[in-house]
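Q: In this text, residue positions in the sequence shown follow full-length UniProt numbering: the first is 1, and each later residue adds one.
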Amino acid sequence: KSKNAVLETVFPTKKKFPKSPILSCHSKPSKKRLSLAQIHRLPPPLRLTQGPLLPTTLAPRFLENPPKFDHTGPYEPLVLTSEGEIPVVQVPSSINCRLLEHQREGVKFLYNLYKNNHGGILGDDMGLGKTIQTIAFLAAIYEKDGDIVDPVTSKNNQLGQKGPVLIVCPSSVIRNWENEFSKWATFSVSAYHGANRDLVYEKLKVRGVEVLITSFDTYRIQRRTLSDVNWEIVVVDEAHKLKNEKSKLYEAFLGIKTLKRFGLTGTVMQNKIMELFNLFDWVSPGALGSRDHFREFYDEPLKHGQRATAPERFVEVADKRKQHLVTVLRKYLLRRTKEETIGHLMMGKEDNVVFCAMSELQKRAYRRMLQLPDFQCLINKDLPCSCGSPLTQAGCCKRIIPNGLIWPYLHKDNPDGCDSCPFCIVLPCLVKLQQVSNHLELIKPNSRDDPDKQKRDEKFASAVFGPDIDLVGGSTQNESFMGLSDVKHCGKMRALEKLLSSWILRCDKVLLFSYSVRMLNILEKFLIRKGYSFSRLDGSTPTSLRQHLVDDFNSSPSKQVFLISTRAGGLGLNLVSANRVVIFDPNWNPAQDLQAQDRSFRFGQKRHVLVFRFLSASSLEELVYSRQVYKQQLANIAVSGKMEKRYFEGVVYAHRNEDIVNYGPGFQEKLQEGLSQNGNPKPHPPSMPVHRNLLDDIHINEMDSSTKNRKIIQYSLLARFAGMGELEFSKWILTATPAEREEVLRDYKRRKHKTPYGG
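Encoded structure:
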């Protein structure tokens with residue numbers, strides 16, 4: 001039957017299709033434009049609602065869940081090809097009429113990359129419809145309608161000419177992708193995940209699947225099977241997961257055969273500028289040059305130009321490199337923010353940082369922890385060694401810590417230590433400091449750990465609690481409901497108790513995020529004690545139940561709080577019914593917290609959103625927050641080319657992460673010093689490798705040992721003062737004029753001796 005005949009049978013009162021072939025992929029768009037007011041006064045050309053049963057010849061999935069079509073724009077196709085170009089590629093009217101203007105631009109961007117056999121990144125803010133833009137783009141490529149047509153038997157099915165599409169996404173949003181495809185276009189979609197994946201793959205081999213959706217973990221495990229398929233297009237949702245070139249996941253994705261690789265992410269860069277290279281080198285190999293070139297031409301200058309005391313010439317170089325990088329990225333990246341696209345349609349978001357005073361018991365435990373041998377070793381790492389050698393403590397007698405509580409267990413099989421000692425204990429020490437900052441119960445052994453680790457953690461907890469051990473219920477895990485739900489020994493929970501009581505009275509709905517499952521257990525007992533109605537989602541929640549929990553929370557007025565694991569629920573969930581967001585514990589990666597916030601602040605939110613980030617005052621978490629600010633600034637500079645204030649003197653070096661254990665109660669002055677540090681950086685130990693063959697003015701090989709060490713240190717200081725790595729500085733020395741070298745040396749001496757300019 002014709003489309004009009006079908007409609008007459010099913011919806012006799014509905015408007016018929018016009019006779020002109022506006023849904024044909026070769027038709028030309030109408031030139032008539034209507035104002036927004038005129039558009040909203042028009043009845044929708046086609047609105048499908050619950051009604052009589054559809055004919056049995058139509059796709060079975062429409063029998064169960066007929067889609068609801070609403071228009072937001074003119075009912076005409078969106079032509080993607082140039083005028084006169086054949087064949088005409090276009091987004092069908094039934095889809096285009098529901099796109100916002102920024103989404104139409106996104107579809108055009110994706111098509112232009114596809115046409116030129118390139119990949120790219122759609123880097124819109126979370127909540128701007130990256131999924132919808134992708135489906136509209138695929139519908140144009142595969143000549144699909146948002147119409148009720150059996151996708152398998154459709155005459156427009158182009159799978160004979162084109163290969164299938166692979167979509168890789170977090171497991172929590174697989175169901176969401178399936179739902180969106182069913183609403184927007186008539187593809188044959190299957191999820192390659194779980195027990196039925198073998199059946200799905202057999203169906204794929206006989207061309208019964210047009211779009212295959214799988215998770216990151218499934219793809220990594222099944223890489224050999226899936227890499228054999230000649231994919232037409234590969235789309236990676238939350239593509240920032242490909243930021244680490246050394247990960248097994250990144251290695252698995254390199255095996256994908258197609259060059260038409262597209263990434264979707266709201267956080268293109270999370271921690272380091274080099275993450276940009278890794279991501280873009282996957283979507284469009286070679287687009288940013290070699291890794292070493294990118295590091296020396298962009299990474300080093302941008303980082304050093306952002307220092308608070310960077311010389312003017314390095315700020316100028318950083319600004320030029322920033323503009324150049326943005327220009328290069330613009331070819332492969334489209335990024336829009338909520339403010340510039342749908343800001344006028346939303347009520348806005350307010351971000352609040354709440355400094356929660358730790359309880360007196362927490363403060364005493366924090367100070368005792370800092371006095372333990374492991375922490376003292378890191379705090380005093382740069383002091384002269386007591387044996388009288390010219391080396392620092394960390395490079396001499398205090399390199400190993402046999403009397404510590406953490407170090408011995410990391411080196412049971414290597415009592416002489418490892419090559420990284422003592423900095424190999426930095427991460428375990430950070431974890432302990434953050435546990436005390438959040439809740440004292442987290443220091444105690446976890447009953448799910450193996451007996452050896454439980455015994456080790458119990459010994460550590462006893463040392464931290466000291467004479468206060470009876471006040472916290474001993475050094476073993478507290479199983480008492482009343483004890484765990486009590487807020488008197490936790491500063492953050494006292495603040496949460498006050499805020500929740502006022503929010504619940506105003507009928508606000510709250511998202512409560514924590515990256516610690518043990519902390520979620522404690523918060524759950526607290527919510528039960530207070531009598532609040534809540535839902536919970538963490539890594540143990542089955543994928544099949546996650547969307548049900550989200551739908552139930554959004555639709556149920558009685559649900560007041562949603563407890564969510566930052567890792568498991570920070571991606572892909574749409575929780576616009578909530579208007580209050582609490583980040584209970586900050587993450588070193590600022591993107592994690594931003595993603596958690598945007599579960600609520602996204603398109604469809606009808607209320608003003610308030611975000612509260614909890615930080616324990618005078619603790620390590622203050623430094624975590626300062627690192628978040630620094631990383632967000634770098635991302636704004638590298639990705640968007642924005643001007644950012646230069647608050648910080650330190651530059652992120654992987655080998656200097658040990659500095660962060662110096663902050664805590666009684667170390668407030670050091671925290672302020674860390675945010676705006678003056679003076680020259682401390683020299684590296686003389687054993688640090690230097691590219692001696694590139695030096696022309698410092699003849700190291702002809703000097704005695706003490707002079708040689710002094711010159712190496714001086715060279716390292718000069719390189720850092722110039723805002724370069726030692727390799728980059730060595731190369732600069734060979735290419736710089738004598739006048740330029742003299743200028744750097746003169747500026748360095750003035751800074752060192754505090755000589756005023758002009759003197």
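From the three backbone atoms N, C-alpha and C, an ideal C-beta is built for every residue, glycine too. Because the structure is a prediction, the values reported are computed rather than measured.
(1) Leaving out five residues on either side along the sequence, give the residues of the same chain with a beta carbon under 7 Å from the beta carbon of residue 243.
(2) Jot down the residue ranges of each uninterrupted alpha helix (DSSP H) in the region 280 to 324, minimum 4 residues, whole runs only, in chain order.
(3) For the region 468 to 486 against the region 331 to 341, do three or more pairs of beta-carbon atoms, one drawn from each stretch, fall closer than 8 Å, so that the two count as touching?
(4) Determine which residues share a DSSP beta bridge with residue 217 and list them.
(5) Contact check, residue 575 vs residue 512 under 8 Å by CB: the rounded distance?
(6) Measuring alpha carbon to alpha carbon, tell me which residue in 223, 215, 133, 171 is nearest residue 185.
(7) Using 8 Å as the cut-off, can you tell me whether the region 482 to 501 makes contact with the region 351 to 365, which would need three or more C-beta pairs spanning the two stretches below that distance?
(8) Skipping 5 residues on each side, what residues in its chain have a beta carbon closer than 7 Å to that of residue 748?
(9) Identify, in the order they occur along the chain, each residue of the same chain with its Cβ nearer than 6 Å to the Cβ of residue 581, setting aside the five sequence neighbours on each side.
(10) According to DSSP, residue 384 sits in a beta bridge with which residue or residues?
(11) Residue 436 lies in the alpha helix (DSSP H); which residues open and close that run?
(12) Could you check where the beta strand (DSSP E) with residue 235 kicks off and where it finishes?
(13) Name the residue from 292, 473, 446 whose alpha carbon lies nearest to the alpha carbon of residue 519.
(14) Bridge partners for residue 121 per DSSP, in chain order?
(15) Taking the continuous alpha helix (DSSP H) assigned at residue 360, which residues delimit it?
(16) If contact is defined by three or more beta carbon pairs under 8 Å, each pair taking one atom from either stretch, is the region 109 to 126 in contact with the region 197 to 212?
(17) Quick check on the burial criterion: 16 or more other C-beta atoms within 10 angstroms. Buried or exposed for residue 566?
(18) Within this structure, are the beta carbons of residue 315 and residue 639 separated by less than 8 Å?
(19) Mark residue 170 as exposed unless 16 or more other C-beta atoms lie within 10 angstroms of its C-beta, in which case mark it buried.
(20) So, under 8 Å CB-CB, residue 93 and residue 76 are touching, yes? Tell me the CB distance rounded to an integer number of Å.
(21) Using 10 angstroms around the beta-carbon of residue 123, count the other beta-carbons present and answer buried if the total reaches 16, otherwise exposed.
(22) Does DSSP put residue 471 in a helix, a strand or coil?
(23) Give me the Cβ distance between residue 428 and residue 406, rounded to the nearest whole Å; I'm assuming they're in contact under 8 Å.
(24) Which word fits residue 697, buried or exposed, when buried means at least 16 other C-beta atoms lie within 10 angstroms of its C-beta?
(25) What number of angstroms, rounded off, separates the C-alpha of residue 538 from the C-alpha of residue 383?
(26) Below 7 Å, is the gap between the Cβ of residue 97 and the nearest heavy atom of the ligand SAM?
(27) At which residues does the beta strand (DSSP E) containing residue 350 begin and terminate?
(28) In its own chain, which residues sit with a C-beta less than 6 Å from the C-beta of residue 659, not counting the 5 before and 5 after it?
(29) Taking C-alpha atoms, which residue in 373, 330, 164, 252 lies nearest to residue 260?
(30) Any Cβ of chain B within less than 8 Å of the Cβ of residue 92?
(31) Under the DSSP definition of a beta bridge, which residues are partnered with residue 90?
(32) Contact between the region 302 to 309 and the region 86 to 105: three or more CB pairs below 8 Å?
(33) Tell me which residues share the same chain as residue 621 and place their Cβ nearer than 8 Å to its Cβ, disregarding the 5 neighbours each side in the sequence.
(34) Whole angstroms is fine: what's the gap from residue 214's alpha carbon to residue 193's?
(35) Which residues in the same chain as residue 424 place their Cβ atom closer than 7 Å to its Cβ, once the five residues preceding and following it in sequence are excluded?
(36) Over what stretch of residues does the alpha helix (DSSP H) that includes residue 135 continue unbroken?
A: In short, the structure shows the following:
(1) Closer than 7 Å at the Cβ level, and outside the excluded window around residue 243, lie 270, 275, 278, 279.
(2) Fully enclosed alpha helix (DSSP H) runs of 4 or longer: 291 to 294, 300 to 305.
(3) Contact fails: fewer than three Cβ-Cβ distances are below 8 Å.
(4) DSSP, once it has assigned bridges, lists no residue as partnering residue 217.
(5) The Cβ separation is near 11 Å, so there is no contact.
(6) Nearest option by C-alpha distance: 133.
(7) Using a C-beta cut-off of 8 Å, the region 482 to 501 makes contact with the region 351 to 365, since at least three inter-stretch Cβ pairs fall below that distance.
(8) Contacts found: 718, 721.
(9) Around residue 581: 511, 597, 600, 611.
(10) In the DSSP output, where bridge partners are listed per residue, residue 384 has 392.
(11) From DSSP, the alpha helix (DSSP H) with residue 436 extends over 426 to 438.
(12) Residue 235 -> beta strand (DSSP E) spans 233 to 237.
(13) Of 292, 473, 446, the residue nearest in Cα terms is 446.
(14) Its beta-bridge partners are 263, 333.
(15) Note, residue 360: alpha helix (DSSP H), 360 to 370.
(16) Segments in contact, no.
(17) Label assigned to residue 566: buried.
(18) Taking 8 Å as the cut-off, the beta carbon of residue 315 is found no closer than this to the beta carbon of residue 639.
(19) Counting Cβ neighbours within 10 Å, residue 170 comes out buried, since at least 16 surround it.
(20) By a beta-carbon distance limit of 8 Å, residue 93 contacts residue 76. Their separation comes to about 5 Å.
(21) With 16 or more Cβ atoms within 10 Å of its Cβ, residue 123 is classed as buried.
(22) In this structure, DSSP gives residue 471 a state outside helix and strand, which the three-state scheme calls coil.
(23) Yes, residue 428 and residue 406 are in contact; Cβ-Cβ is about 5 Å, under 8 Å.
(24) Since pLDDT at residue 697 reaches only 31, below the 50 mark, its modelled position is unreliable, and the value read off the structure follows with that caveat. Exposed.
(25) Rounded to whole angstroms, residue 538 to residue 383 spans 44 Å at the Cα level.
(26) Among the components modelled here there is no ligand, and therefore nothing to report on the ligand SAM.
(27) DSSP places residue 350 in the uninterrupted beta strand (DSSP E) bounded by 349 to 356.
(28) Any reading at residue 659 is ruled out, since the residue's pLDDT is 45, under 50, leaving its predicted position unreliable.
(29) The alpha carbon of residue 260 has as its nearest neighbour, out of 373, 330, 164, 252, the alpha carbon of 164.
(30) Among the protein chains of the structure shown there is no chain B, as only one such chain exists.
(31) Answer is 79, bridged to residue 90.
(32) Result no; under three Cβ-Cβ pairs closer than 8 Å.
(33) Close CB contacts of residue 621 within its chain, under the 8 Å cut and outside five residues either way in sequence, are with 434, 437, 585, 586, 615 (chain order).
(34) For residue 214 and residue 193, the distance between alpha carbons rounds to 6 Å.
(35) Correct list, in chain order: 410, 418.
(36) Per DSSP, residue 135 is one residue of the alpha helix (DSSP H) stretching across 130 to 141.
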